[in-house]
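> These protein sequences, in sequence, are chains A and B.
Residue numbering for the first sequence follows this note's numbering, beginning at 18 and increasing consecutively.
Residue numbering for the second sequence follows this note's numbering, beginning at 18 and increasing consecutively.
Number of protein chains: 2
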Amino acid sequence: MTTAVSDLLPTLDEADLTRVDAWWRAANYLTIGQIYLQANPLLREPLKAEHIKPRLLGHWGTSPGLSFVYAHVSRLIRHTGQDTIYLTGPGHGGPALVAAGYLEGTYSEVYPDVTRDEPGLRKLFRQFSSPGGIPSHVSVTTPGSIHEGGELGYVLVHAFGAVFDNPDLLAIAVVGDGEAETGPLEGSWKGISFLNPAHDGAVLPILHLNGAKISGPTVLGRKDPAEVRELLSGHGYDVIEVEGDDVPGMHHRFAAALAQAWQSIRTIQQAAREGEWDGSRPRWPLIVLRTPKGWTGPAEVDGVQVTGTYRSHQVPLAGVRDNPEHLALLEQWLKSYGPEELFDADGAPVALLREQDPAGELRMSANPHANGGVLTRELDLPDFRDYAIEVKSPATVRAESTRKLGEFMRDIYRDNPDRFRLFSPDETNSNRLGAVFEVSDRAFMEQVHPGDDALGPAGRVMEVLSEHNCHGWLEGYTLTGRHGLFATYEAFAMVSASQTIQHGKWLEEADHLPWRAKVPSLNVLLTSTAWRNDHNGFSHQGPGLIQNVLTQRGTVSRVYLPPDANCLLSVADHCFRSKSYINLIVIDKQPQLQWLTMDEALEHCARGAGIWNWAGTDDGASDPDIILACAGDVVTMETVAAAQILKERLPGMRVRVVNVVDLMTLVRPKDHPHGMSDTLFTELFTDTVDVVFSFHGYPGAIHQLVHGRPDADRFRVRGFIEQGTTTTPFDMTVRNKASRYHLVMDAINNARRLPQGATELKEWCQAQLARHERYVVEHLEDMPEVRDWSLGDWATS
Amino acid sequence: MTTAVSDLLPTLDEADLTRVDAWWRAANYLTIGQIYLQANPLLREPLKAEHIKPRLLGHWGTSPGLSFVYAHVSRLIRHTGQDTIYLTGPGHGGPALVAAGYLEGTYSEVYPDVTRDEPGLRKLFRQFSSPGGIPSHVSVTTPGSIHEGGELGYVLVHAFGAVFDNPDLLAIAVVGDGEAETGPLEGSWKGISFLNPAHDGAVLPILHLNGAKISGPTVLGRKDPAEVRELLSGHGYDVIEVEGDDVPGMHHRFAAALAQAWQSIRTIQQAAREGEWDGSRPRWPLIVLRTPKGWTGPAEVDGVQVTGTYRSHQVPLAGVRDNPEHLALLEQWLKSYGPEELFDADGAPVALLREQDPAGELRMSANPHANGGVLTRELDLPDFRDYAIEVKSPATVRAESTRKLGEFMRDIYRDNPDRFRLFSPDETNSNRLGAVFEVSDRAFMEQVHPGDDALGPAGRVMEVLSEHNCHGWLEGYTLTGRHGLFATYEAFAMVSASQTIQHGKWLEEADHLPWRAKVPSLNVLLTSTAWRNDHNGFSHQGPGLIQNVLTQRGTVSRVYLPPDANCLLSVADHCFRSKSYINLIVIDKQPQLQWLTMDEALEHCARGAGIWNWAGTDDGASDPDIILACAGDVVTMETVAAAQILKERLPGMRVRVVNVVDLMTLVRPKDHPHGMSDTLFTELFTDTVDVVFSFHGYPGAIHQLVHGRPDADRFRVRGFIEQGTTTTPFDMTVRNKASRYHLVMDAINNARRLPQGATELKEWCQAQLARHERYVVEHLEDMPEVRDWSLGDWATS
């Protein structure tokens with residue numbers, strides 16, 4: 018049975034209109050106050066230049082529209098009790114959202130020094146865009162927000178991520194028409210093709226067309242409205258349009274539109290939840306709201322039109338401190354909202370405004386979903402040791418390590434059906450994580466055909482050929498307190514690198530705010546890596562994301578390079594339990610040698626780095642002749658192989674092998690919390706012995722990580738030096754001068770002491786490489802089996 | 018007068034049908050041959066396991082559709098002489114495009130060892146996806162391509178970039194339905210909102226819906242066709258649909274659709290060029306082509322449907338070497354194309370196939386626009402010295418440096434109206450480049466209103482709020498031989514970082530192909546930088562792109578940090594003249610101190626780095642007490658200020674100031690062609706004196722760059738350490754421990770010799786910083802002018 022909307026949400030009556038309009042006026046007043054005023058916040062004396070801030074920052078243009086929508090959604094919540102969060106695509110509307118939180122009282126609850134009186138108002142205004150204050154965008158400091166408004170394009174992905182597995186939640190997502198021009202935003206309308214009306218909540222996009230961005234019009238703002246309607250309808254939405262600048266007309270029309278949209282959402286959801294749904298994708302509502310940019314602001318300044326144009330984007334009256342006419346205009350503008358009716362003698366919002374606020378956690382600025390850590394329930398994790406690969410001795414078993422992670426995640430899915438999801442650009446099977454399909458299909462709301470594999474509306478594995486959607490959905494999912502992993506081809510993780518960076522910034526800042534509860538980490542699995550994309554082209558070979566995560570603060574950045582399946586399981590378990598990090602896990606999907614038993618893996622991963630005595634020949638000597646270090650699966654194989662060659666062919670040489678799983682252990686402890694102590698660093702690397710370090714990524718990364726360690730210049734780093742094509746795995750290591758033979762020669766060239774036979778061994782290595790060169794050159798004639806070369810002779814014996 | 022299409026392009030007749038179909042069958046045959054065969058290329062003996070390659074790589078699924086379209090476009094060209102290039106969104110269809118180039122003879126012209134006979138065929142097959150051969154995707158090695166098919170999403174941006182200012186060119190852009198799920202692709206349909214039918218060419222998008230990607234269906238493939246039509250119509254296109262798998266029916270229907278599309282394009286263009294156009298955006302045609310994935314391949318394998326499903330994506334028959342049934346199926350499949358009719362006794366394509374090829378450079382595989390360097394006309398560059406800022410002595414003039422670049426580009430626009438464009442996400446004015454609007458409007462094909470600034474269909478300045486579009490358009494523009502610059506907020510350059518990386522890979526690989534002419538460089542101006550986004554939030558503060566360009570090969574990567582306007586002009590002039598580089602130019606837009614006269618700037622930039630004697634106090638001594646080095650505008654100001662403080666307050670200390678403009682000079686010459694010689698490095702930095710290096714970007718970059726230089730550990734690097742918010746410019750330097758006071762203390766802490774007064778000076782610096790801390794804390798009470806703090810006292814005196 019569908020409840021008629023009119024039962025819960027009556028037509029906007031005079032009392033409600035008065036409340037909504039007063040609240041909107043108050044929000045606009047507070048927005049302008051933040052941009053301009055450092056004193057006289059309630060205009061209780063005539064406005065003077067000295068009341069104006071010395072530096073005028075902030076964005077007016079989008080703000081009145083944001084507050085207008087906010088006020089109406091609050092009314093909807095008041096009447097219906099709908100659990101709702103508000104995402105502000107036009108992030109420049111920061112002051113509007115701060116005003117909303119202040120009016121709702123949340124701001125003072127979270128920041129008790131910003132009181133609900135005149136001194137508090139003064140502080141509210143002064144802190145905005147000021148040193149020691151708050152940023153100008155909707156940001157981490159804004160209560161009620163899970164969406165930073167700096168880099169545009171992600172409001173819908175965050176909204177969809179927030180409502181997956183949150184059946185009772187509604188996410189209002191205001192899309193700016195500037196933002197709507199970005200690729201990521203355009204690619205994110207399709208969220209509804211993955212949104213299940215029974216077990217997910219709803220997103221109500223409000224495309225706010227005010228027609229202009231910083232310095233010109235927008236494409237959607239200047240298209241024929243019929244074409245815009247066609248476009249959004251083609252994306253699958255039921256389009257509701259509201260346009261104008263007349264008050265109270267706009268209030269009535271928008272209230273009706275919102276009621277219609279909400280009714281439609283409830284009808285869809287109730288049908289799906291009461292078994293009256295055929296499984297096809299619903300046509301979800303979407304509102305197109307057309308208002309002038311800078312609505313209610315000064316129409317003209319110095320004879321030039323401002324409202325309705327890009328000129329209202331930031332500070333429409335720029336000369337108020339020096340130009341008395343501008344100052345008068347500002348005063349008149351502020352007074353047009355009637356502040357004397359809106360704030361009482363103390364400066365607190367009057368009762369009329371408070372009546373407009375939903376109760377407690379239903380206030381959008383106080384909704385706990387927007388501080389998702391408070392709602393987080395830990396994952397019910399199976400014991401990762403149960404998925405161990407049995408390793409009797411190193412390098413005797415070969416396995417696809419990520420397949421084990423797939424089995425682990427299958428059971429996480431099974432045991433946590435409401436709070437864990439895997440996100441991947443159509444690569445779950447390719448990345449050997451397909452075990453998850455034993456317990457969940459791929460989510461898909463478009464047509465399902467007979468013969469489709471693991472696909473359907475009930476599915477909860479997220480596959481879409483868009484790194485932006487995958488990454489953004491996971492962000493929204495974790496920021497609202499749930500858990501997940503984004504698995505992707507290593508090279509194409511760069512597509513969403515800016516999202517990784519921006520989410521890192523969010524977590525970095527949240528770390529300073531005691532009221533923000535920690536949220537589950539953003540886990541990113543980089544697989545199908547550079548070294549083993551030998552079968553694809555050069556475009557698929559790029560370990561660049563590591564480079565970018567390294568630049569994030571130590572409070573957030575974590576990079577793990579497990580060398581085998583048991584280490585991967587241990588690392589994954591750790592990451593799934595962790596909070597508020599960016600966890601990068603890098604490991605390939607192809608069959609690879611396994612090194613450690615589960616017990617050894619556990620200990621190795623707990624330390625983050627360690628000596629592999631079985632691989633080396635230094636017998637715990639405090640002064641090996643050379644140290645071969647490695648971080649990453651393929652380079653570990655080459656390093657162990659190099660050590661083996663040295664062991665067999667130059668037995669007098671003392672070689673130590675060090676493997677690094679947790680890359681951040683290399684950094685000095687003062688620069689990263691995982692940085693190993695000087696004592697431990699010296700235990701592993703000594704203070705003086707040369708280190709040949711073979712690294713999965715670009716070599717420069719290691720140089721920057723070990724800077725400041727004893728005699729850092731002694732680290733010779735091999736790594737990916739941007740050489741690749743479609744070739745064999747072994748040829749990839751040769752092209753990048755990181756093959757076992759290169760490492761042996763490096764060891765000989767840098768060892769502090771050379772036993773007899775070193776020169777001959779170098780010659781042998783050169784001969785091996787020459788043999789390989791011939792192999793490549795002659796390949797087109799011979800077409801030999803590739804297999805031998807991919808694994809290395811030594812390993813197969 | 019419009020020429021009727023039927024005059025030029027008759028209905029497909031029997032003779033043409035025979036040619037087109039034979040060519041299509043030949044292309045399919047060659048595609049499969051590349052995937053499977055190492056011998057017996059013409060099946061002149063029964064197929065045996067030993068004829069099969071040891072490793073089966075490649076992608077069949079998309080290939081037959083690509084070849085089908087190619088064949089029909091070739092026919093169009095034959096009849097009409099239309100200058101046409103072909104861009105393959107589904108890059109996995111590499112073998113199809115190689116087959117096309119081979120059939121057209123271009124392949125043998127470019128790679129003479131791949132002859133048009135049986136041995137050549139054998140080589141063609143063997144080289145595909147083999148060591149020493151060619152990659153599996155459409156790549157830089159594929160003649161006729163300007164589009165690498167690895168990272169999906171950019172086919173339309175490349176196509177639009179190619180036809181801007183190329184009025185007679187038609188770019189066929191096949192969009193895969195997998196690719197169509199990506200954000201960048203969805204955001205690029207709007208190219209037509211910026212395409213002028215008079216002075217630009219045309220893009221004909223062909224959305225090839227075969228319904229599946231690697232392991233499942235696509236969103237567009239499973240939407241109601243009416244909804245897809247609505248979506249594309251909403252993007253502004255006139256949609257033409259062709260669907261089926263029947264032959265010859267599909268030939269007739271597709272030929273008609275293509276004729277209709279071409280007629281429509283010609284009609285639009287002729288109207289615009291003959292003055293019969295009202296300036297409104299035309300409805301350009303677009304073809305939706307629905308064919309089964311793997312069309313003409315084996316319908317079923319082992320009882321499971323393959324054609325029409327994701328199972329045909331790569332190698333549909335995987336077991337051919339071991340499974341005789343699969344082998345027989347493969348033979349049958351190959352023979353279904355009738356190779357005996359298609360290749361003559363020598364193995365060359367028969368006359369029927371050759372008749373299908375357009376003549377000479379009209380063959381799409383030989384079109385010079387796809388090897389744009391051969392068409393490049395150098396820019397007619399005004400003398401950049403004419404835009405110089407007069408600098409009588411250092412630090413006496415303050416100016417917005419990028420404004421000078423804007424004036425320079427204004428005149429480049431004026432003098433090169435057909436081959437230069439600026440691309441920017443709505444930030445031309447914000448970035449102080451607005452002088453270009455004196456000679457060109459913004460390109461905009463949607464409605465223009467009275468009162469709009471510098472906006473209209475005749476405009477050639479490209480502004481769209483999409484870094485992906487800007488970057489991709491510039492790539493297409495330069496790959497077809499023209500010149501330009503992408504100017505963007507530094508932080509948001511990370512949005513398109515993966516494009517920078519992939520374009521770098523293209524240029525790196527092109528460098529090895531003698532037949533590929535060098536193309537104009539991809540110039541990227543990073544402005545509105547981290548340090549001076551004090552007025553925006555933390556999200557706007559990120560110098561990450563430098564980090565990524567550093568990992569590219571030395572043949573391609575260039576990073577410049579001009580400290581002032583005159584250096585910027587010199588660097589920009591150099592970049593506009595250069596070929597096949599990624600040139601990153603990093604400088605802020607805010608008013609900044611000017612240091613060098615134009616003559617000094619010229620010399621300084623030519624060397625890439627130099628000692629600023631006027632700033633230091635070492636008087637050319639070979640052993641200064643400390644070296645203060647810097648790269649980047651704000652950090653240069655802080656460095657010079659620190660040197661000034663030391664000069665005034667610790668006159669006995671010998672301080673050398675080194676400024677670096679060309680970051681790559683720091684690298685050893687063996688690692689980068691710009692790397693300065695050891696002698697020069699020692700001249701600037703000595704071998705032993707400690708260096709306090711103040712860097713614009715993340716400090717780790719310098720550590721990796723100077724690795725291997727004498728005693729690299731002596732470099733103490735200050736830089737952006739991921740600290741920011743909305744604050745004052747000076748506070749940004751303090752938060753990142755890179756202020757003048759930090760640098761003075763660093764100098765004192767690391768100097769080899771300390772004159773008296775050093776301890777007192779350190780205390781003074783600490784006091785200054787404490788004063789600043791108080792300033793920030795007390796700011797909300799005092800609201801002092803920000804200006805003093807942003808510039809530094811010393812500079813204003």
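We put the beta carbon where it would ideally sit given N, CA and C, even for glycine.
Per DSSP, S574 of chain B forms a beta bridge with which residues?
Counted from its first residue, the second sequence places residue 574 of chain B at position 557. Beta-bridge pairing links S574 of chain B to B:I599.
> According to a CB-to-CB cut-off of less than 7 Å, which residues of the region 709-724 of chain B neighbour chain A?
Correct list: Y715, G717, H720, Q721 and H724.
> Ordered along the chain, which non-local residues of its own chain (more than five positions away) have a Cβ less than 6 Å from that of Q464 of chain A?
The sequence position of residue 464 of chain A within the first sequence is 447, counting from 1. Nothing meets the Cβ criterion.
> Under 8 Å by Cβ, that's how I've got F181 of chain B and L396 of chain B pegged, so tell me the actual separation to the nearest angstrom.
As a working mapping, residue 181 of chain B is identified with position 164 in the second sequence. As a working mapping, residue 396 of chain B is identified with position 379 in the second sequence. About 16 Å; that fails the 8 Å criterion.
> Just checking my contact of K535 of chain B with K596 of chain B at CB under 8 Å: how many whole Å lie between their CB atoms?
By one-based count along the second sequence, residue 535 of chain B stands at place 518. By one-based count along the second sequence, residue 596 of chain B stands at place 579. Right, their Cβ atoms sit about 4 Å apart.
> DSSP three-state label for A43 of chain B, please.
Within the second sequence, residue 43 of chain B is the residue found at index 26, counting from 1. In the structure shown, A43 of chain B sits in a helix (DSSP, three-state: H, G or I).
> Taking the beta carbon of D650 of chain B as the centre, do at least 16 other beta carbons fall within 10 Å, making it buried, or is it exposed?
Numbered from its first residue, the second sequence carries residue 650 of chain B at position 633. The residue in question, D650 of chain B, is buried, as its Cβ has 16 or more Cβ neighbours within 10 Å.
> Using alpha carbons as the reference points, say which of B:R239, B:V541 and B:A117 lies closest to H89 of chain B.
Your numbering for residue 89 of chain B matches position 72 in the second sequence. Ranking B:R239, B:V541 and B:A117 by Cα distance to H89 of chain B puts B:A117 first.
> Between the region 141-169 of chain A and chain B, which residues of the former have a C-beta closer than 8 Å to a C-beta of the latter?
Per Cβ criterion, the list reads R143, Q144, S146, S147, P148, G149, G150, I151, P152, S153, H154, S156, E165, G166, G167, E168 and L169.
> In chain order, what residues of the region 247-265 of chain B put their CB closer than 8 Å to some CB of chain A?
So the close ones are E247, L248, L249, S250, G251, H252 and G253.
> I'd like to know if W206 of chain A contacts chain B, where contact means its C-beta is closer than 9 Å to some C-beta of that chain.
Working through the first sequence from its first residue, we reach residue 206 of chain A at position 189. Interface residue, yes.
> When burial is assigned at 16 or more other CB atoms within 10 Å of the CB, is R788 of chain A buried or exposed?
Against the first sequence, residue 788 of chain A aligns to sequence position 771. So R788 of chain A ends up on the exposed side.
> Can you tell me the Cα-Cα spacing of T841 of chain A and R673 of chain B, whole angstroms?
Residue 841 of chain A falls outside the range modelled here, since chain A spans only 18 to 814, and no answer is possible.
> Which first and last residues belong to the alpha helix (DSSP H) in which Q611 of chain A is found?
Within the first sequence, residue 611 of chain A is the residue found at index 594, counting from 1. Q611 of chain A -> not in any alpha helix (DSSP H); beta strand (DSSP E) instead, spanning P608 to Q611.
> Using alpha carbons as the reference points, say which of B:P608, B:L59, B:G253 and B:D640 lies closest to W350 of chain B.
Locating residue 350 of chain B in the second sequence gives position 333, where the first residue counts as 1. Comparing Cα positions, the closest option is B:L59.
> Under 9 Å, Cβ to Cβ, is there at least one residue of chain A near S814 of chain B?
Locating residue 814 of chain B in the second sequence gives position 797, where the first residue counts as 1. Low confidence applies to S814 of chain B: its pLDDT is 26, below 50, so where it sits in the model is not reliable enough to give any reading.
> For G200 of chain B versus G204 of chain A, is the C-beta spacing smaller than 9 Å?
Within the second sequence, the letter at position 183 stands for residue 200 of chain B. Within the first sequence, the letter at position 187 stands for residue 204 of chain A. Cβ atoms of G200 of chain B and G204 of chain A: closer than 9 Å.
> Which bits of chain A does P112 of chain B rub up against, with CB to CB less than 8 Å?
By 1-based counting over the second sequence, the position of residue 112 of chain B is 95. Neighbours of P112 of chain B on chain A: none; closest Cβ ~12 Å, over 8 Å.
> Beta carbon of G110 of chain B, beta carbon of H76 of chain B: below 9 Å?
What you label residue 110 of chain B is simply residue 93 of the second sequence in a count that begins at 1. What you label residue 76 of chain B is simply residue 59 of the second sequence in a count that begins at 1. Cβ atoms of G110 of chain B and H76 of chain B: closer than 9 Å.
> Would you decide whether G625 of chain B is buried or exposed? Buried here means 16 or more other CB atoms lie within 10 Å of its CB.
Your numbering for residue 625 of chain B matches position 608 in the second sequence. Buried, by the Cβ-count rule.
> Along chain B, which residues have their Cβ under 7 Å away from the Cβ of Q607 of chain A?
Residue mapping note: residue 607 of chain A aligns to position 590 of the first sequence, counting from 1. Neighbours of Q607 of chain A on chain B: none; closest Cβ ~13 Å, over 7 Å.
> Using CA coordinates, which residue listed in A:R290, A:A638 and A:H154 is at the minimum distance from H552 of chain B?
Your numbering for residue 552 of chain B matches position 535 in the second sequence. Checked all of A:R290, A:A638 and A:H154; the closest Cα to H552 of chain B is A:H154.
> Look at the Cβ atom of T326 of chain A, then the Cβ atom of A229 of chain A, and state whether they are nearer than 9 Å.
Position 309 of the first sequence, counting from 1, holds the residue named residue 326 of chain A. Position 212 of the first sequence, counting from 1, holds the residue named residue 229 of chain A. Going by C-beta atoms, T326 of chain A is nearer than 9 Å to A229 of chain A.
> Against L482 of chain B, what residues of chain A qualify as contacts under a CB-to-CB distance less than 8 Å, listed in chain order?
The residue given as residue 482 of chain B occupies position 465 in the second sequence. Result: L169, G195, E196, E198, T199, K230 and T235.
> Under 8 Å Cβ to Cβ from L344 of chain A, same chain only, skipping five residues before and after it: list those, please.
As a position in the first sequence, residue 344 of chain A is number 327, starting the count at 1. Excluding sequence neighbours, L344 of chain A sits near L64, K65, A66, I69, V337 and R338.
> Do F211 of chain A and A460 of chain A have their C-beta atoms within less than 9 Å of each other?
Position 194 of the first sequence, counting from 1, holds the residue named residue 211 of chain A. Position 443 of the first sequence, counting from 1, holds the residue named residue 460 of chain A. Yes, they are a contact pair.
> Hey, would you say D679 of chain A sits closer than 9 Å to V576 of chain A, going by beta carbons?
Reading the first sequence from its first residue, position 662 is the one you call residue 679 of chain A. Reading the first sequence from its first residue, position 559 is the one you call residue 576 of chain A. Taking 9 Å as the Cβ cut-off, D679 of chain A and V576 of chain A qualify as a contacting pair.
> Could I get the ranges of all uninterrupted alpha helix (DSSP H) runs contained in the region 704-778 of chain A, with 4 residues as the minimum, in chain order?
The region 704-778 of chain A contains these whole alpha helix (DSSP H) runs: 717-723, 746-752 and 757-767.
> Looking only at its own chain, which residues have a Cβ that is under 7 Å from the Cβ of V256 of chain B, when we skip the five neighbours before and after it?
Translated into positions along the second sequence, residue 256 of chain B becomes position 239. R246, L249, S250, L303 and V305.
> What residue ranges within the region 344-426 of chain B form continuous alpha helix (DSSP H) runs of no fewer than 4 residues, ordered along the chain?
The region 344-426 of chain B contains these whole alpha helix (DSSP H) runs: 356-359 and 368-373.
> Give the interface partners of Q564 of chain A over in chain B, defined as CB-CB distance under 7 Å, in chain order.
Working through the first sequence from its first residue, we reach residue 564 of chain A at position 547. Going along chain B in sequence order, the residues near Q564 of chain A (Cβ under 7 Å) are Q564, N565 and T568.
> Of all Cβ atoms in chain A, is any one closer than 9 Å to the Cβ of L808 of chain B?
Walking along the second sequence from the start, residue 808 of chain B turns up at place 791. In this prediction, L808 of chain B has a pLDDT of 42, which is less than 50 and means its spatial position is unreliable; nothing more can be read from the coordinates.
> Please list, in chain order, the chain A residues whose beta carbon lies closer than 8 Å to that of A509 of chain B.
The count along the second sequence starts at 1 and reaches residue 509 of chain B at position 492. Looking at the sequence provided, one finds Phe at residue 509 of chain B rather than Ala. Within chain A, the residues near F509 of chain B are E168 and S515.
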